[in-house]
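So for the sequence shown, the numbering used here puts the first residue at 104; every next one is plus one.
To start, the structure itself, in structure tokens.
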Amino acid sequence: MNSKGLIVIVSGPSASGKGTVVSRALEKSDEARVELMLSVSMTTRGIGKNEVDGESYYFVDKDEFERNIADDNLVEYNSYAGEYYGTPRDKVEAWLENGCNVILEIDINGAKQVLEKYPDAVTVYILPPSFQELEYRLRSRGRDSEEKILYRLAKGREEIPEAHWYDYILVNEIIEESADDLLSIIKAEQHRRSRIEYKIDEVLETYGKD
Ligand code: 5GP
Numbered sequence: 104m105n106s107k108g109l110i111v112i113v114s115g116p117s118a119s120g121k122g123t124v125v126s127r128a129l130e131k132s133d134e135a136r137v138e139l140m141l142s143v144s145m146t147t148r149g150i151g152k153n154e155v156d157g158e159s160y161y162f163v164d165k166d167e168f169e170r171n172i173a174d175d176n177l178v179e180y181n182s183y184a185g186e187y188y189g190t191p192r193d194k195v196e197a198w199l200e201n202g203c204n205v206i207l208e209i210d211i212n213g214a215k216q217v218l219e220k221y222p223d224a225v226t227v228y229i230l231p232p233s234f235q236e237l238e239y240r241l242r243s244r245g246r247d248s249e250e251k252i253l254y255r256l257a258k259g260r261e262e263i264p265e266a267h268w269y270d271y272i273l274v275n276e277i278i279e280e281s282a283d284d285l286l287s288i289i290k291a292e293q294h295r296r297s298r299i300e301y302k303i304d305e306v307l308e309t310y311g312k313d
């Protein structure tokens with residue numbers, strides 16, 4: 104018997120809308136009959152307006168983050184714009200064990216670390232329709248200084264070519280469509296032969312039984 108959940112890695116440049124796509128997919132997951140949980144990351148960056156501690160991230164200081172690294176409590180971690188970001192291990196492992204699919208919204212470096220430990224993780228890259236749209240979205244969320252906006256744009260330019268090695272690419276123009284597409288990807292992946300092959304024997308064992 105093997106019915107562990109899938110790890111679904113979702114990456115994309117800052118302001119590509121990946122957070123919104125993922126939240127919408129979570130809202131629609133029941134209706135789509137996909138069991139889905141979101142891993143809340145830990146970070147040392149400051150909390151933004153409209154963000155909630157424990158929902159957007161676990162906001163911690165550098166000492167606490169480094170204690171978590173030392174205690175091996177993180178599946179992966181990375182630093183971005185001088186701040187740490189990482190995936191707490193406990194919930195992710197429990198959800199997978201219970202057959203629940205888990206979304207990790209993490210950067211490329213984190214994705215590579217996760218793939219080393221979980222080679223069958225599914226990777227999805229969210230592209231913005233253009234850099235003009237990315238800049239517009241970065242400015243309109245009003246969270247970052249001019250310097251941070253330029254940094255995030257340059258980082259996007261550097262990162263987007265890495266989308267070439269992701270399993271799936273979503274161009275995020277319409278949130279609702281991207282959320283549906285993400286759920287379709289997860290559904291299809293659950294039926295990939297290598298993940299569900301154990302069912303063949305389970306069915307065969309019922310042959311000739313009353
Ligand atoms: P932001 O500050 O815009 O929320 O996130 C900055 C970057 O860090 C984004 O690319 C985001 O995907 C990434 N990130 C968020 N959480 C994690 C995490 O737990 N691990 C890694 N490696 N990257 C993360």
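The beta-carbon is built from N, C-alpha and C at its ideal position, and this holds for glycine as well.
Taking the Cβ of residue 150 as the reference point, every heavy atom of the ligand 5GP lies at 7 Å or farther away. DSSP, reduced to helix, strand and coil, places residue 156 within a strand of the structure shown. Ranked by Cα distance from residue 184, the options 176, 298, 253 are led by 253. Closest in C-alpha terms to residue 240, from the list 117, 112, 109, comes 117. Look at residue 189 here: in three-state DSSP terms it is strand.
Setting aside the 5 residues that flank it on each side, residue 275 is surrounded in the same chain by 115, 119, 120, 121, 124, 229, 230, 231, 232, 281, each with a C-beta closer than 8 Å to its C-beta; the list follows chain order. Straight across, the Cα-Cα distance linking residue 234 with residue 304 is about 50 Å.
Excluding the 5 residues flanking it on each side, residue 137 has same chain C-beta neighbours closer than 7 Å at 204, 286, 289, 290, in chain order. When secondary structure is reduced to three states using DSSP, residue 289 falls in the helix class.
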